[in-house]
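**Student:**
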Amino acid sequence: MTSGVSFDRSRVSDPALGPVAEKVIAGERLSLADGVTLFDTWDLLGLGAMADAANRARNGDRVTFAANQHINPTNICILRKTCVFCSYARLPKEEGAYHYTMDQVWEEAARVDGDITREFHIVGGLDMHAGLAYYTEMFAGLKARHPQVHVKALTAVEIAHIARIEKMSIRDVLIALREAGLDTMPGGGAEVFSPAVRATIADRKLSGEEYIDVHRTAHALGIRSNCTMLYGHVETHEDRVQHLTMLRDLQDETGGYLAYIPLAYHPDNNELGVELGRTGTATSGVDDLKNLAVGRLFLDNFQHVKSHWIMVTPAVSQMSLHFGVNDLEGTVVREKIYHEAGAHTAQAMSLEEIVRLIRGAGKVPAERDSFYNVLRTFDDADGPPPSHAEAA
Ligand code: SF4
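Numbering-wise (numbering that gives the first Met the number 0), the sequence shown opens with residue 0 and increments by one.
#1: Counting C-beta neighbours from all protein chains within 10 Å, is the total for Ser306 16 or more, i.e. buried, or is it exposed?
#2: First and last residue of the alpha helix (DSSP H) that includes Ala56?
#3: Is the segment 23-34 close to the segment 231-251, with three or more CB pairs under 8 Å?
#4: Does the segment 313-328 come into contact with the segment 294-304, if we say contact requires no fewer than three beta-carbon pairs (one atom in each stretch) closer than 8 Å?
#5: If Ala292 sits next to Ala50, beta carbons under 8 Å apart, how far is it from one beta carbon to the other, in whole angstroms?
#6: Return the chain-ordered list of same chain residues with a C-beta closer than 6 Å to the C-beta of Tyr99, the five sequence neighbours on each side being excluded.
#7: Considering just the uninterrupted stretch of the alpha helix (DSSP H) at Tyr210, what are its terminal residues?
#8: Please go through the same chain and pick out, in chain order, the residues whose beta-carbon is closer than 6 Å to the beta-carbon of Thr376, but skip the five residues on each side of it.
#9: At a cut-off of 8 Å, would you count Phe84 as near the ligand SF4, judging by its Cβ distance to the nearest heavy atom?
#10: How big is the Cα-Cα spacing for Ser193 and Lys166?
#11: Taking only three categories from DSSP, how would you classify Val150?
#12: By the 10 Å Cβ neighbour count, where 16 or more other Cβ atoms means buried, how is Phe370 classified, buried or exposed?
#13: Quick check on His303: does DSSP put it in helix, strand or coil?
#14: How is Asn268 classed by DSSP in three states: helix, strand or coil?
#15: Counting Cβ pairs, one atom from each stretch, are 3 or more of them under 8 Å apart for the segment 68-82 and the segment 123-133?
#16: What I want to know is whether the C-beta of Thr81 ends up closer than 8 Å to one or more non-hydrogen atoms of the ligand SF4.
#17: Taking the alpha carbon of Gly276 as the point to measure from, which residue in Gln250, His232, Ser319 has its own alpha carbon closest?
#18: Along the chain, where does the beta strand (DSSP E) that runs through Arg170 open and close?
#19: With the cut-off set at 9 Å, would you say Ala155 and Val213 are in Cβ contact?
#20: Given a cut-off of 9 Å, decide if Ala258 and Gly186 are closer than it, judged by their beta-carbon atoms.
#21: Out of Ile169, Ile211, Thr278, Ala195, state which residue places its alpha-carbon closest to the alpha-carbon of Tyr256.
#22: Around the C-beta of Asn290, are 16 or more other C-beta atoms found within 10 angstroms, so that it is buried, or is it exposed?
#23: With a CB to CB cut of under 7 Å and the five nearest residues on each side skipped, what residues in its chain are close to Arg177?
#24: Examine the ligand SF4 and report whether any of its heavy atoms sits within less than 8 Å of the Cβ of Lys204.
#25: For Val191, which three-state DSSP category applies?
#26: Give me the residue from Asp248, Arg295, Asp267, Gly294 with the minimum Cα distance to Thr282.
#27: Looking at the C-beta of Ile161, does it have a partner C-beta in chain B at a distance below 9 Å?
#28: Should Leu350 be listed as close to the ligand SF4, given that the test is whether its C-beta is under 8 Å from any heavy atom?
#29: DSSP three-state label for Arg355, please.
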């Protein structure tokens, strides 16, 4: 629970928010009904004031980011036909399908500036030819070539896929991956846990309970993870809050989550976008900010809430720093998944640009490692960030 939260109550205009604001100030846990009230409100600035105060109480003015690189080794996926929101996956013989050899993975990883990149973020499709040996060879090879780089890899859905095709337990798969070099897990694959929503957008994907179970097992092994929610498609406000409740419950139980990252649905190049008549229309800036702010307020046991600038644009991410967010997606290098779905943002951002974005919001930038330890700050408010060599 976040205590010591204070803000000017006059900044909250919607009377419906009053009782929730009192709870936030008192450090009381929010109920499901409170969460729905937060999503329902028209008072975006009041919601933002509350979330900003809750974030300041935890993290002050500091905003962190990691110098990371995404690697998406295969887009071949057995759920290609049933995850109707997904623009990334392909069937094995479909145009655009790819599956990296290890040499291609090393080549992709070699694009990084060895002194700059701190983390590989590795996710892909559920490929029948990407089993345990594929990933253990990949992680061990990456660690051998880039020993200083953290490996954050494989969503709960991918872990369960490997377990299924190898006929192994989730636990044994995680142990083998950890031995090969897996450090932490990303939070993708959560979508929205509601069975009704899943039946519509991701019929054959791991259930919400199974997703939580994979993370529970990882946390028990000391493998920490992130968690997400894909919003802006067919879910209700109640579905969103029930989803957040399941994340909050697991965090109470294990404390293993590092950060919560709401993910905006992009409707281009996927079946769901056509069905909803939404192609070309991404989520609104208001809904993006609400999801981040509600995440901060409802998930009172999470230290970090991250905004994904690739999905919501750098401008909304910058504004979100006043809506409860204390962490920005990092440098990325080359993003594929959301660009297939119509994201118009850049595929990478330089350290200088991220620092400028954070400073532009009146916040204090800091580069972090994958466990959120601060690696360096940028004290010269007007100049460019120092190189690693200078900072060392
Ligand atoms: S969302 Fe993931 S599991 Fe579903 S089709 Fe896309 S890559 Fe496959």
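Note that beta-carbon positions come from the ideal geometry of N, C-alpha and C, so glycine has one too.
**Tutor:** Quick answer:
#1: For this step, residue 306 is matched to residue 307 along the sequence shown. When all chains shown are included, Ser306 counts as buried.
#2: Residue numbering aside, residue 56 sits at position 57 when the sequence shown is read from its first letter. Unbroken alpha helix (DSSP H) run through Ala56: 43-58.
#3: yes
#4: yes
#5: Numbered from its first residue, the sequence shown carries residue 292 at position 293. Numbered from its first residue, the sequence shown carries residue 50 at position 51. About 4 Å; that satisfies the 8 Å criterion.
#6: Against the sequence shown, residue 99 aligns to sequence position 100. Only Pro72 meet the Cβ criterion.
#7: Residue mapping note: residue 210 aligns to position 211 of the sequence shown, counting from 1. It spans 207-219 - the alpha helix (DSSP H) in which Tyr210 sits, taken as one unbroken run.
#8: One-based indexing of the sequence shown puts residue 376 at position 377. Contacts found: Ala365.
#9: The residue labelled residue 84 in the question sits at position 85 within the sequence shown. Indeed, a heavy atom of the ligand SF4 lies less than 8 Å from the Cβ.
#10: By 1-based counting over the sequence shown, the position of residue 193 is 194. By 1-based counting over the sequence shown, the position of residue 166 is 167. Straight-line Cα distance between these residues: approximately 27 Å.
#11: Along the sequence shown, read from residue 1 onward, the residue named residue 150 stands at position 151. DSSP places Val150 in strand when its eight states are reduced to three.
#12: By one-based count along the sequence shown, residue 370 stands at place 371. Exposed.
#13: Locating residue 303 in the sequence shown gives position 304, counting from the first residue. Strand.
#14: For this step, residue 268 is matched to residue 269 along the sequence shown. Reduced to three states, the DSSP call for Asn268 is coil.
#15: yes
#16: Residue 81 sits at position 82 when you count from the first residue of the sequence shown. The answer is yes for Thr81.
#17: Residue 276 sits at position 277 when you count from the first residue of the sequence shown. The option with the nearest alpha carbon to Gly276 is His232.
#18: Your numbering for residue 170 matches position 171 in the sequence shown. Looking at the DSSP string, Arg170 is not in any beta strand (DSSP E); the run it does join, the alpha helix (DSSP H), is 169-179.
#19: Counting from one through the sequence shown, the residue named residue 155 turns up at place 156. Counting from one through the sequence shown, the residue named residue 213 turns up at place 214. Cβ atoms of Ala155 and Val213: closer than 9 Å.
#20: The count along the sequence shown starts at 1 and reaches residue 186 at position 187. The count along the sequence shown starts at 1 and reaches residue 258 at position 259. Yes. Within cutoff.
#21: Translated into the one-based positions of the sequence shown, residue 256 becomes position 257. Of the candidates Ile169, Ile211, Thr278, Ala195, the one whose C-alpha sits nearest the C-alpha of Tyr256 is Ile211.
#22: Position 291 of the sequence shown holds residue 290. By the 10 Å Cβ count, Asn290 comes out buried.
#23: As a position in the sequence shown, residue 177 is number 178, starting the count at 1. Contacts found: Leu220, Ile222.
#24: Position 205 of the sequence shown, counted from the start, is the residue given in the question as residue 204. Yes, Cβ of Lys204 sits closer than 8 Å to a heavy atom of the ligand SF4.
#25: Reading the sequence shown from its first residue, position 192 is the one you call residue 191. Here Val191 sits in coil by DSSP.
#26: Walking along the sequence shown from the start, residue 282 turns up at place 283. For Thr282, the nearest C-alpha among the options comes from Asp267.
#27: No chain B is part of this structure, which consists of one protein chain only.
#28: Translated into the one-based positions of the sequence shown, residue 350 becomes position 351. No; taking the cut-off as 8 Å, the Cβ of Leu350 has no heavy atom of the ligand SF4 nearer than that.
#29: Translated into the one-based positions of the sequence shown, residue 355 becomes position 356. DSSP places Arg355 in helix when its eight states are reduced to three.
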